[in-house]
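Protein chains in written order, with my numbering: chain G, 245 to 580; chain L, 143 to 252.
See the structure below:
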């Protein structure tokens, strides 16, 4: 008992010496055209521009939050140093007489390799030859392809799950691919097409979304949310009640009691009843991407046109509109 | 060509056209006949055009304003007939027009 008291006192003293916990700081990265713009989440001001060639698309963050990988023009992969705020390396998948198109990109947990969904195109005898998509594991330092697996024609997006031992590739259906062994292989298919689920899962916010890759889908009757727990691989399907709203992308509130969706409106979804709680027209127009502040007090709409609108999540009134340098594709949050 | 005849050539011109097709092999097929079964090349992903209107009622689901969807449609070749084809013919269109609402006058493409 005496030792337990000593330990408790020691822990209290150490905690006092350590001072209050450092406050999380949100930085937002606007994925634009030829540029990534950095927004300080405290002031909601643009604080830096990071030039990056091409029309930018997928993003993936290393675990130490030092590097953001961004695909561009469907064949470039930029490595962005978030501390130095510059592109430090670029891989080009084109070459050897082949055009290659990246439609899915995620990092392996060690950040040294990445999994890509790649299609190839060349010409033979004047005829166009297009290869099916291939799951490709690539060494990010050398650009060397380590191994490949042919995928069904419909596959586009992918995400790593279960600490990198699996890859889930999404097309008409969801394909679970075991990548833990020497050979990569599809081990299970999660049916979506026969359920009439129609997807456009190009925006997902797994690292801002509590580790859940989430995308909305439509059937002829409803909108739903499909979530993939990146840690466990579990898939959750949440059909929503009521006339579907229209959304390109969705994200949870930090407490996961709500979800926000965006296209022409900011949509608030009550996840206790799976109903639409509010639909607010975004007067700047269509946005592709959405994100939330770590404290859940602000929601950010961006991409599509060249504006970024910040809403108060309590009043659903716009707090600020930022005029960005270019049109955009997405907005990612990194919390330091 | 299918052997199944649903119409019959009656005059010389129609017979000449029919003769042109003799021995012709399949050059076009419906996407659902597969493989590949889905569009490949330009429109490469599974998207049946849901943004035209998933709602059973008003409002329809098109982007507001359409300029805000221009780069999304162009870069990935989503609407290759209506916007510059970003995968093959106009991969650098974003450089001349990075902000469509502001820079649309600078746009040059066929």
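Where a beta carbon is used, it is the ideal one built from N, C-alpha and C, also for glycine.
Subject >> Own chain residues within Cβ distance below 8 Å of residue 224 of chain L, not counting five before or after >> reply: Your numbering for residue 224 of chain L matches position 82 in the second chain. Within the same chain, residue 224 of chain L has close Cβ partners 215.
Subject >> residue 363 of chain G versus G:331, G:398, G:267 and G:575, residue with shortest Cα-Cα distance >> reply: Start at 1 with the first residue of the first chain, and residue 363 of chain G comes out as number 119. Out of G:331, G:398, G:267 and G:575, G:398 has the C-alpha closest to the C-alpha of residue 363 of chain G.
Original post:
Between the stretch 436-450 of chain G and the stretch 366-377 of chain G, do at least 3 Cβ pairs fall closer than 8 Å?
Top reply: no
Subject >> Against chain G: residues of the stretch 205-216 of chain L by CB proximity under 9 Å >> reply: 205, 206, 207, 208, 209, 210, 211, 212, 213, 214 and 216
**OP:** Check whether the Cβ of residue 227 of chain L lies closer than 8 Å to any Cβ atom in chain G.
**Re:** For the purposes of this step, residue 227 of chain L is identified with residue 85 of the second chain, where counting begins at 1. Residue 227 of chain L does not count as touching chain G.
Original post:
Going by DSSP, what residues sit across from residue 323 of chain G in a beta bridge?
Top reply: Walking along the first chain from the start, residue 323 of chain G turns up at place 79. Residue 323 of chain G is bridged to G:313 and G:333.
**OP:** Measuring only between beta-carbons, confirm whether residue 573 of chain G sits less than 8 Å from chain L.
**Re:** Along the first chain, read from residue 1 onward, the residue named residue 573 of chain G stands at position 329. With 8 Å as the cut-off, residue 573 of chain G counts as an interface residue toward chain L.
Subject >> Simplified DSSP state of residue 245 of chain L, which is helix, strand or coil >> reply: Residue numbering aside, residue 245 of chain L sits at position 103 when the second chain is read from its first letter. Reduced to three states, the DSSP call for residue 245 of chain L is helix.
Original post:
Taking buried to mean at least 16 other C-beta atoms within 10 Å of its own C-beta, is residue 424 of chain G buried or exposed?
Top reply: Residue numbering aside, residue 424 of chain G sits at position 180 when the first chain is read from its first letter. That one is exposed.
Original post:
When DSSP builds the beta bridges, which residues end up paired with residue 467 of chain G?
Top reply: Residue 467 of chain G sits at position 223 when you count from the first residue of the first chain. G:462.
Original post:
Excluding five sequence neighbours on each side, which residues of the same chain lie with their C-beta closer than 8 Å to the C-beta of residue 529 of chain G?
Top reply: Residue numbering aside, residue 529 of chain G sits at position 285 when the first chain is read from its first letter. Contacts found: 508, 548, 549 and 551.
Subject >> Per-residue contacts from residue 388 of chain G into chain L (C-beta, under 8 Å) >> reply: By one-based count along the first chain, residue 388 of chain G stands at place 144. The contacting residues do not exist; residue 388 of chain G stays about 24 Å from chain L at best.
Original post:
How about residue 238 of chain L: is its C-beta nearer than 8 Å to some C-beta of chain G?
Top reply: Numbered from its first residue, the second chain carries residue 238 of chain L at position 96. Closer than 8 Å: no.
Original post:
What does residue 233 of chain L reach in chain G if we use C-beta pairs closer than 7 Å?
Top reply: Residue 233 of chain L sits at position 91 when you count from the first residue of the second chain. Going along chain G in sequence order, the residues near residue 233 of chain L (Cβ under 7 Å) are 317.
Original post:
Which same chain residues, not among the five before or five after residue 521 of chain G, have their C-beta less than 8 Å away from its C-beta?
Top reply: Sequence index remark: in the first chain, residue 521 of chain G carries index 277 (1-based). Closer than 8 Å at the Cβ level, and outside the excluded window around residue 521 of chain G, lie 502, 512, 513 and 514.
Original post:
By the criterion of Cβ-Cβ separation under 8 Å, what are the contact partners of residue 532 of chain G in chain L?
Top reply: As a position in the first chain, residue 532 of chain G is number 288, starting the count at 1. Neighbours of residue 532 of chain G on chain L, chain order: 214.
Original post:
Does the stretch 232-241 of chain L come close enough to the stretch 278-298 of chain G to have 3 or more Cβ pairs within less than 8 Å?
Top reply: yes
Original post:
Would residue 223 of chain L count as contacting chain G if we go by Cβ distances under 8 Å?
Top reply: What you label residue 223 of chain L is simply residue 81 of the second chain in a count that begins at 1. So no, residue 223 of chain L is outside the interface.
Original post:
Name the DSSP bridge partner or partners of residue 473 of chain G?
Top reply: As a working mapping, residue 473 of chain G is identified with position 229 in the first chain. Residue 473 of chain G pairs with G:456.
Original post:
Using a C-beta to C-beta distance shorter than 9 Å, which residues of chain L count as neighbours of residue 550 of chain G?
Top reply: Walking along the first chain from the start, residue 550 of chain G turns up at place 306. The contacting residues are 210, 240, 241, 242, 243 and 244.
Subject >> Cβ-based burial, residue 465 of chain G [other Cβ within 10 Å; buried from 16] >> reply: For this step, residue 465 of chain G is matched to residue 221 along the first chain. Per the 10 Å Cβ criterion, exposed.
Subject >> Expected contact under 8 Å - CB spacing of residue 532 of chain G and residue 574 of chain G to nearest Å >> reply: The residue labelled residue 532 of chain G in the question sits at position 288 within the first chain. The residue labelled residue 574 of chain G in the question sits at position 330 within the first chain. Contact flag correct, Cβ pair sits at about 6 Å.
Subject >> Alpha-carbon to alpha-carbon, residue 495 of chain G and residue 282 of chain G >> reply: Indexing the first chain from 1 puts residue 282 of chain G at position 38. Indexing the first chain from 1 puts residue 495 of chain G at position 251. Rounded to the nearest angstrom, the two C-alpha atoms are 20 Å apart.
**OP:** Give me the Cα-Cα distance between residue 394 of chain G and residue 439 of chain G, rounded to the nearest whole angstrom.
**Re:** Position 150 of the first chain, counting from 1, holds the residue named residue 394 of chain G. Position 195 of the first chain, counting from 1, holds the residue named residue 439 of chain G. Roughly 24 Å between the two C-alpha positions.
Original post:
How long is the line joining the alpha carbons of residue 154 of chain L and residue 367 of chain G, rounded to whole angstroms?
Top reply: Taking the second chain and counting its residues from 1, the one referred to as residue 154 of chain L is at position 12. Taking the first chain and counting its residues from 1, the one referred to as residue 367 of chain G is at position 123. Their Cα atoms are separated by approximately 40 Å.
**OP:** Could you name the residues that DSSP lists as bridge partners for residue 534 of chain G?
**Re:** For the purposes of this step, residue 534 of chain G is taken as residue 290 along the first chain, with counting starting at 1. DSSP lists G:545 as partners of residue 534 of chain G.
Subject >> Neighbourhood of residue 211 of chain L by C-beta, 7 Å cutoff - its chain only, sequence neighbours within 5 removed >> reply: For the purposes of this step, residue 211 of chain L is identified with residue 69 of the second chain, where counting begins at 1. Closer than 7 Å at Cβ, skipping near neighbours: 205.
Original post:
Around the C-beta of residue 161 of chain L, are 16 or more other C-beta atoms found within 10 angstroms, so that it is buried, or is it exposed?
Top reply: On the second chain, position 19 is the one that residue 161 of chain L refers to. The residue is exposed, with fewer than 16 neighbouring Cβ atoms inside 10 Å.
Original post:
Is the stretch 342-355 of chain G touching the stretch 398-418 of chain G in the sense that three or more CB pairs, one from each, lie closer than 8 Å?
Top reply: yes
Original post:
Looking only at DSSP bridge pairs, what is residue 361 of chain G linked to?
Top reply: Within the first chain, residue 361 of chain G is the residue found at index 117, counting from 1. In DSSP, residue 361 of chain G forms a bridge with G:348 and G:379.
Original post:
Taking Cβ positions, are residue 493 of chain G and residue 506 of chain G nearer each other than 8 Å?
Top reply: The residue you call residue 493 of chain G lines up with position 249 of the first chain. The residue you call residue 506 of chain G lines up with position 262 of the first chain. Cβ atoms of residue 493 of chain G and residue 506 of chain G: closer than 8 Å.
**OP:** Starting from residue 299 of chain G, find everything on chain L with Cβ-Cβ shorter than 7 Å and list it in chain order.
**Re:** Here residue 299 of chain G refers to the residue found at position 55 of the first chain. What residue 299 of chain G touches in chain L: 213, 217, 228 and 236.
Original post:
What separation, rounded to the nearest whole angstrom, lies between the Cα atoms of residue 365 of chain G and residue 164 of chain L?
Top reply: Looking up residue 365 of chain G in the first chain gives position 121. Looking up residue 164 of chain L in the second chain gives position 22. Their backbone Cα atoms lie some 32 Å apart in a straight line.
Subject >> First through last residue of the alpha helix (DSSP H) which encompasses residue 224 of chain L >> reply: Here residue 224 of chain L refers to the residue found at position 82 when the second chain is read from its first residue. Here residue 224 of chain L belongs to no alpha helix (DSSP H), and DSSP marks it neither H nor E.
Original post:
Are the C-beta atoms of residue 303 of chain G and some chain L residue less than 8 Å apart?
Top reply: The residue you call residue 303 of chain G lines up with position 59 of the first chain. With 8 Å as the cut-off, residue 303 of chain G does not count as an interface residue toward chain L.
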